[in-house]
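Protein chains in written order, with full-length UniProt numbering: chain A, 1 to 242; chain B, 1 to 242. Beta carbons are placed, not taken as given, at the ideal position from N, Cα and C, and that holds for glycine. Just so it is clear, the structure is predicted and the values come from calculations on it, not from any experiment. Here the structure is laid out as structure tokens; the discussion comes afterwards.
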DNA sequence: GAGCAGACCATTGGATCCAATAACAACAAG
DNA sequence: CTTGTTGTTATTGGATCCAATGGTCTGCTC
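Structure, rendered in structure tokens:
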């Protein structure tokens, strides 16, 4: 575990996510292998995985290309995440959650409450919120008892900006971000309320709308088009899907 | 294209789907390679892809195991397909469909009408219905304009029995299957009606329920538990996701 | 007799080599 | 001048070899 193969895979994912690899440009095995200082073999393996994840697409009959995803493709991925997490919430509500899951969800809510009750956000609050947000979503998906949801979500989670684990934050306007994340956190509250009450349809609707919190709310709460100054992505290490 | 690598991948998928490989049992590279008469390399590649598709899972620290999916996992996958195809139908209805898509959908409906109007099903009707069913679903997903849906569906489509391309038919009771497929076809009618009328929510609801036609209706329409005699799977060649 | 340690074997991952194929370019012919 | 054909090169896929790691079995010691 964590041999050169995994390292190459993680490196390529990161390079694609942060744009070091020009989108749409062709990418070959040998230059990539030399650039990363490994043999062609782990690169070959990584290319297959990355193709399955949708980050690379075949470029003609020879080689791969970094997939360039436009605005509406991103919106589509967010929409997909919405229906999947909505399904997870509904099934969790319908089947009922265990005491452990209930405890984790309530703890996430409480930790978020403590974050937001002081009325502003500082730098390390962003990291904390990111962590609890991730934990909340993962717990809900697990609580659905439907592993197919996690499997389907795994694809989206590899697309940059479309996953829960990628939070686009505007560090220049932390008061705006406070409102945005606070709203998202209130949606968490509503979702937990619905799930614990066994209200499947309500839980589904809330989580479906909540998917927009990642991306669309960023515009909704004031960050206009082209206002990319100071926008940062908190991207955490790839949590394993299993 | 279509070299030994693709052949190995297709063979392994088929062997997993039809149960030639015992579920849950460990599967190693070397015996598999010898059994298929190829080197270890294409097997290694295929294992990675199959792991990404969810057909294989890691068996401890060494090797892979064929994933055994129980009844409720299958039901979960069907549910996932429901929400995804529901989303596709809704987005197709909301954005409107092109003339070409409209023509294809109507042609699928008409061909189905001709199949069912004679009041019974014969053997080659099953293949015809399978083809038009597949075409219908693919067209609808494409019409959504959301490639993330197809990407998310690709995972489910590899799980045996959960995809549109796997129809479980009971050849012993073709009159029952007539009622079942006819019902599914009427759902197609309703879905197209809703999509063409721009009724997104209605289209979504119909397609969501329609996902159950693959599996759950088989029991609903009379095939009881354990009544597996004469049940066959029409599984067609792996249509490429892109 | 049981537990621990060491050694051997099985199996996987990486590297290098070889073959096959596709693309590009150059040259010749119409 | 344009187009077709052929040759060369670049790149990918497959095979074989080598190293590293984990598991198991056996023997020794307490």
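Contact belief for residue i with residue j at Cβ below 8 Å, rounded distance in angstroms
| i | j | result |
| --- | --- | --- |
| residue 213 (chain A) | residue 184 (chain A) | 4 Å |
| residue 49 (chain B) | residue 16 (chain B) | In fact, because the Cβ distance is near 12 Å, the residues do not count as touching under 8 Å. |
| residue 177 (chain B) | residue 169 (chain B) | 6 Å |
| residue 63 (chain A) | residue 13 (chain A) | The Cβ separation is near 18 Å, so there is no contact. |
| residue 155 (chain B) | residue 155 (chain A) | 7 Å |
| residue 29 (chain B) | residue 44 (chain B) | 6 Å |
| residue 143 (chain B) | residue 92 (chain B) | 4 Å |
Cβ neighbours of residue i in the same chain (closer than 7 Å, five flanking residues each side left out)
| i | result |
| --- | --- |
| residue 9 (chain B) | 46, 49 |
| residue 38 (chain A) | 4, 8 |
| residue 11 (chain A) | 36 |
| residue 229 (chain A) | The predicted model places residue 229 (chain A) with a pLDDT of 47, which falls under 50 and marks its position as unreliable; any figure quoted below should be read in that light. Correct list, in chain order: 172. |
| residue 59 (chain A) | 26, 65 |
| residue 182 (chain A) | 116 |
| residue 53 (chain A) | 155, 158 |
| residue 243 (chain A) | Limits of chain A in this structure are 1 at one end and 242 at the other, which puts residue 243 (chain A) out of reach. |
Residue i versus the options, residue with shortest Cα-Cα distance
| i | options | result |
| --- | --- | --- |
| residue 87 (chain B) | B:22, B:12, B:215, B:199 | B:199 |
| residue 201 (chain B) | B:95, B:35, B:102 | B:95 |
| residue 193 (chain B) | B:180, B:24, B:90, B:12 | B:90 |
| residue 195 (chain B) | B:56, B:97, B:172 | B:97 |
| residue 160 (chain A) | A:118, A:76, A:58 | A:76 |
| residue 56 (chain A) | A:24, A:42, A:31, A:41 | A:24 |
| residue 180 (chain B) | B:68, B:119, B:146 | B:119 |
| residue 68 (chain A) | A:113, A:31, A:22, A:53 | A:22 |
| residue 187 (chain A) | A:128, A:113, A:131 | A:113 |
Cutoff 8 Å; reference residue i; Cβ partners in own chain excluding five residues on either side
| i | result |
| --- | --- |
| residue 139 (chain A) | 101, 104, 105, 108 |
| residue 78 (chain A) | 162, 211, 212, 214, 215, 216 |
| residue 209 (chain A) | 82, 187 |
| residue 51 (chain B) | 57, 58, 64 |
| residue 40 (chain B) | 29, 30, 33 |
| residue 197 (chain B) | 93 |
| residue 61 (chain B) | none |
Neighbourhood of residue i by C-beta, 6 Å cutoff - its chain only, sequence neighbours within 5 removed
| i | result |
| --- | --- |
| residue 146 (chain B) | 91 |
| residue 141 (chain A) | 88, 149, 150 |
query: Looking at C-beta atoms only, is the number of pairs between the segment 146 to 153 of chain B and the segment 203 to 214 of chain B that lie closer than 8 Å three or more?
result: no
> Taking contact to mean at least 3 C-beta pairs separated by less than 8 Å, is the segment 82 to 99 of chain A in contact with the segment 56 to 73 of chain A?
Replying inline: no
*Give the residues from the segment 147 to 179 of chain B that approach chain A closer than 7 Å (Cβ to any Cβ), ordered along the chain.*
147, 148, 149, 151, 152, 155, 156
Check your understanding: Are the segment 128 to 144 of chain B and the segment 91 to 109 of chain B in contact at 8 Å, needing three or more beta carbon pairs?
Key -> yes
Q.
Any contact between the segment 119 to 133 of chain B and the segment 16 to 30 of chain B? By contact I mean 3 or more CB pairs, one from each, below 8 Å.
A. no
ask   = For the segment 52 to 83 of chain B, which residues have a CB atom closer than 7 Å to at least one CB atom of chain A, in sequence order?
value = 52, 54, 73, 76, 77, 79, 80, 83
* Would you list, in chain order, the members of the segment 8 to 40 of chain A that have their beta-carbon closer than 9 Å to a beta-carbon of chain B? => none
- Query: Which of the residues in the segment 85 to 109 of chain B, read from start to end, lie with their CB under 8 Å from any CB of chain A?
  - Reply: 86, 87, 91
* To do: Note down, in chain order, all residues in the segment 186 to 215 of chain B with a beta-carbon under 7 Å from any beta-carbon belonging to chain A.
  => none
- Query: In chain order, what residues of the segment 126 to 143 of chain A put their CB closer than 7 Å to some CB of chain B?
  - Reply: none
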